[in-house]
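Worksheet for the structure shown next.
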Amino acid sequence: MKKDFTAIYCFVDDFIKNLENNLPTINSSKFKPGVSNYLSISEVLTILTGYYDSYCDCFKHYYKQVILHNYTEDFKLVSYEHFTKLIGRSMPYLAILLNHLLAECTGLSFVDATYNMFLGSVQKTV
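As structure tokens, then:
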């Protein structure tokens, strides 16, 4: 089933453009010679966001089975190995985006005080 990433992409792309206009020093896109880059930071972050909304347990399977088969018209896709290199470049942007999206703490916190019955059964091996 193909999801529509348009709204997510537009939000992320607007955020990244606004961020780059206001903070030009964050642009850390230094590439090695010979490495072609087809995906923008916004596209990488959109694909990463889609993974957390998917049914897949493993990102590698998500990228190879869902993205590469269903979204070739939407993104100029690269191989999985190249995409993992692009993730590293987008991490500062992802951290700033998540910090922006976090809600302010209201002072209410929840603690799980359930007794862990397996805690005593684990023995240390030396």
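The opening position of the sequence shown corresponds to residue 21 in my numbering, with each subsequent residue numbered one higher.
Even glycine gets a Cβ: it sits at the ideal position worked out from N, Cα and C.
Remember, it's a predicted structure, so these values are computed and weren't measured experimentally.
Between the stretch 126–133 and the stretch 74–85 there are fewer than three C-beta pairs closer than 8 Å, too few to call the two in contact. A straight-line Cα-Cα distance of about 41 Å links serine 62 and threonine 134.
Nearest Cα to valine 86 within the set Val98, Lys96 and Tyr71: Tyr71.
Annotated three-state conformation of cysteine 76 is coil, per DSSP. By the Cβ-count criterion, tyrosine 82 is buried, with 16 or more other Cβ atoms from all chains shown falling within 10 Å of its own Cβ. In this chain, the alpha helix (DSSP H) harbouring glutamate 40 covers 26–42. For tyrosine 100, the enclosing alpha helix (DSSP H) has its first and last residue at 100–121.
With fewer than 16 other CB atoms across the displayed protein chains lying within 10 angstroms of its CB, leucine 118 is exposed.
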